Every structure is written in C-alpha cells, then in structure tokens.
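This report concerns only the one structure given below.
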Amino acid sequence: MLGVLAPRMPALIGVDISSTTVKLLQLGQEGGRYRVDRYAVESLPPNAVIEKNIVEVEAVGEAIRRALSRCGTKTRFACTSVAGSAAITKVIQMPAGLSDEDMEAQIQVEASQYIPYSIEEVSLDFEVLGPAKDHPDRVNVLLAAARTENVDLHIAALDLGGLTTKVMDVEVFAMENAFNKLIVDQLSVPKDAVIVVIDIGATMTTLSALKDQRTIYSREQVFGGRQLTDEVMRRYGLNYEEARLAKRQNGLPESYVAEVLEPFKEAMIQQIGRLIQFFFAGSQYRRVDQIVLAGGCASIPGIAKMVQAQLGVPCIVANPLAGMVLSNRVQAQTLAQDAPALMITCGLALRSFD
2 MLGVLAPRMP ALIGVDISST TVKLLQLGQE GGRYRVDRYA VESLPPNAVI
52 EKNIVEVEAV GEAIRRALSR CGTKTRFACT SVAGSAAITK VIQMPAGLSD
102 EDMEAQIQVE ASQYIPYSIE EVSLDFEVLG PAKDHPDRVN VLLAAARTEN
152 VDLHIAALDL GGLTTKVMDV EVFAMENAFN KLIVDQLSVP KDAVIVVIDI
202 GATMTTLSAL KDQRTIYSRE QVFGGRQLTD EVMRRYGLNY EEARLAKRQN
252 GLPESYVAEV LEPFKEAMIQ QIGRLIQFFF AGSQYRRVDQ IVLAGGCASI
302 PGIAKMVQAQ LGVPCIVANP LAGMVLSNRV QAQTLAQDAP ALMITCGLAL
352 RSFD
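The sequence shown runs contiguously to residue 355 in the numbering used here.
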C-alpha cells in the first residue's frame with residue numbers, strides 16, 4: 002500500500018491531510034498540459050490532527066466527505082500520504098537482475114536491519130533507482146516503510162469520507178514529485194543547484210533539500226501559521242475560526258501588520274535560517290542556490306523578498322498550478338490564493354499519470 006512505486010493508476014484524487022485542513026485535488030490533461038478538474042479545501046476541528054498525526058478519525062473523515070461533496074467529483078479512488086517523520090526511507094543496494102518478486106522477497110528478509118520496528122508492524126515498498134556507482138552488478142533501491150497503524154488511520158479516514166485509498170505516499174516524495182514536474186522549470190538555476198523547498202503549514206515546517214531532482218535531506222520542525230492565528234485570537238479577542246477568516250480576508254485592524262504580522266514574518270525567517278543550518282550540519286553541502294517557499298504561510302505578502310534580503314539566497318513562492326488549465330468548476334481567484342499550500346496535494350494528484 003505504501004506507494005513509492007505503483008502500477009498505472011485510474012483517476013485519483015490527491016488528498017492532503019494537514020493539521021488544520023483537508024485539501025482535495027483532481028487533475029486531468031488537456032493539450033499536453035495539466036488541467037485542474039476538481040478542488041476543495043475543508044477546515045478541520047482543532048486538534049483533530051496534531052503535528053500531522055490523525056487523532057480524531059471521524060472528524061477527518063467528515064471533513065473529507067464535505068470536501069468531496071463540495072468539489073462534486075464522481076471519482077472515488079485516492080492517493081494520500083503519511084508525514085515524513087512517520088516514515089523511514091533509506092537507499093540500499095541489491096543485486097541487479099532480480100525480478101520484482103525476488104527483490105520484494107529479499108527486501109522483506111533484509112528490511113529488519115534498517116527498520117527499528119518489528120517487520121510485522123510496518124508497511125513496506127521499494128523503488129529501483131538505477132545502477133549503483135562503481136558496482137555494476139548491483140542497483141540502488143529506495144526503501145520506504147511506515148507503521149501500519151499510521152497507514153491504517155489514513156485509510157480509515159478516507160474510507161469514512163467515501164474514498165478508497167489506492168496509493169499511500171510519503172509527503173517528502175509527493176513534494177519531490179510536484180517540484181520536479183511543476184516547479185523546476187520555473188527556476189533559473191544551474192544543473193547542479195542545491196534547492197530547498199520550505200513548506201510552512203499551520204503547525205509544522207518542513208525543509209526538503211533537492212539536488213539533481215532527488216531529495217537529499219528532509220527535516221520537520223514545529224512552527225507554523227497557527228502561532229500567528231493564536232496571536233490574532235489573543236490580541237483581538239477572536240475565536241479560532243474568526244481569527245482564521247480575518248487573516249484570510251484582510252479583516253483586521255491597521256495595527257495588525259506592524260504589531261503582529263511583521264514579528265511573525267521575522268520569526269518565519271529565523272526558522273528558515275535555522276532549518277538551513279541543520280541541513281548544512283547534517284549533510285555534505287554548505288550552500289543553497291535557491292529557496293522555494295510553500296505552504297499556507299508562503300502566501301503572506303512580501304515574505305519571499307524578506308527571505309531573500311535577509312538570507313542572501315534567491316527565493317520564490319511556489320505556484321505548482323502555473324500553466325495549468327482550469328475547468329469551469331474551479332474559482333481561479335481562490336485557487337491562486339491556495340496555490341502555495343497545494344504542493345503536496347499536487348504531488349499526490351499527479352499519481353494518476355504514473
């Protein structure tokens with residue numbers, strides 16, 4: 002079920018379950034371009050998902066059902082993902098020339114040395130990456146595993162929402178998929194560039210570093226837009242939903258920008274800088290050539306310019322939907338506002354074309 006590698010799929014809805022929302026996206030193709038066919042974002046009750054872990058399955062399932070009803074699709078097959086922190090990924094070497102069946106059997110035998118859980122407790126998948134350097138008789142294989150109980154919670158939530166899970170991905174690979182197919186051609190960077198995608202969601206920020214279109218490092222950190230929402234609630238006496246809508250609809254007092262938003266933007270940049278330092282410390286790399294901001298917080302006006310000015314690295318806001326055709330069922334203005342937060346959702350929806 003853990004779909005790092007999956008056979009050709011029927012039409013799939015990408016379902017991204019974050020800490021505060023469920024995002025649904027269905028893509029088609031038209032004249033050699035991707036087309037946004039269906040799309041919906043539905044809010045989750047507070048604490049239904051905590052740090053990307055599903056706590057209240059029924060609440061998540063109900064949000065999926067509402068989103069499915071709103072977007073009006075008849076498709077009932079889906080691709081969703083577990084968080085990178087909930088999965089174990091490792092590149093291992095295996096003998097070349099093995100059939101998929103033989104390789105799967107051997108990986109099942111050898112996986113226990115790479116996974117700190119009983120093999121009976123995990124869902125496994127693998128993808129052959131290609132020949133191993135300096136070892137022509139061996140191939141590099143990407144191994145991915147996640148606790149079956151975590152996978153089952155996602156499947157149960159989608160089932161309650163009216164969807165059948167066909168592929169269970171890992172967020173970091175969904176992000177890589179969206180980056181390679183939708184973002185990389187928007188960048189003017191050298192071929193060997195080191196690019197970091199910083200996805201700043203409601204409660205978690207994830208750094209994914211990519212080189213040669215492969216993820217070379219990933220790290221999650223507790224920080225996100227919920228802190229801004231909490232400060233708006235505290236300062237202006239609003240409840241959670243009122244604060245969330247006021248932020249989105251520019252319905253806050255003039256003092257908001259200077260007293261609340263600007264300090265939060267500075268905190269964001271500190272977090273980005275810290276994550277990049279973790280990347281340098283935990284890898285062989287000492288440079289970043291491009292920063293791509295994603296997630297809901299990437300929509301904050303002016304944040305990319307501030308990041309670039311303070312960190313000295315070119316920075317853009319991700320728009321995975323640039324160049325896509327929109328169906329007449331999709332509201333362009335709303336979709337444009339949500340676009341930076343749809344990187345993972347896009348990566349999942351693209352599984353329809355694997």
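All C-beta atoms, glycine included, are put in the ideal place defined by N, C-alpha and C.
As the structure is a prediction and not an experimental result, all values here were calculated from the model.
Distance from the CA of residue 31 to the CA of residue 72, rounded to the nearest whole angstrom, comes to 20 Å. Within the stretch 270–329, the runs of alpha helix (DSSP H) that reach at least 4 residues and sit entirely inside it are, in chain order, 304–312. In terms of CA proximity to residue 339, 42 leads the group 252, 42, 266, 169. A residue is called buried when at least 16 other Cβ atoms come within 10 angstroms of its Cβ; residue 240 does not meet this threshold and is exposed.
Taking a C-beta distance under 8 Å as the contact criterion, residue 13 and residue 167 qualify as a contact pair. Of the residues assessed, residue 136 falls on the exposed side of the cut-off, its CB having fewer than 16 other CB atoms within 10 angstroms. Annotated three-state conformation of residue 231 is helix, per DSSP. Straight through space, the alpha carbons of residue 326 and residue 33 are spaced by roughly 10 Å. Remark: C-beta atoms of residue 341 and residue 314 do not approach each other more closely than 8 Å. For residue 148, the enclosing beta strand (DSSP E) starts and ends at 136–148.
By the Cβ-count criterion, residue 334 is exposed, with fewer than 16 other Cβ atoms from all chains shown falling within 10 Å of its own Cβ.
When only Cα atoms are considered, residue 175 and residue 147 end up about 15 Å apart.
In the three-state reduction of the DSSP assignment, residue 93 falls in the strand class, which pools E and B.
When C-alpha distances from residue 234 are compared across 247, 351, 308, the shortest belongs to 247. By the neighbour-count definition (other C-beta atoms within 10 Å, threshold 16), residue 260 is an exposed residue.
The Cβ-Cβ distance between residue 112 and residue 125 falls below 8 Å. Following the DSSP letters along the chain, one finds residue 174 in no beta strand (DSSP E) but inside the alpha helix (DSSP H) bounded by residues 172–179.
In the structure shown, residue 84 falls within a coil segment according to DSSP collapsed to helix, strand and coil. Residues of the same chain with a CB within less than 7 Å of the CB of residue 133, apart from the 5 flanking positions on each side, are 94, 139, 140, 141 in chain order.
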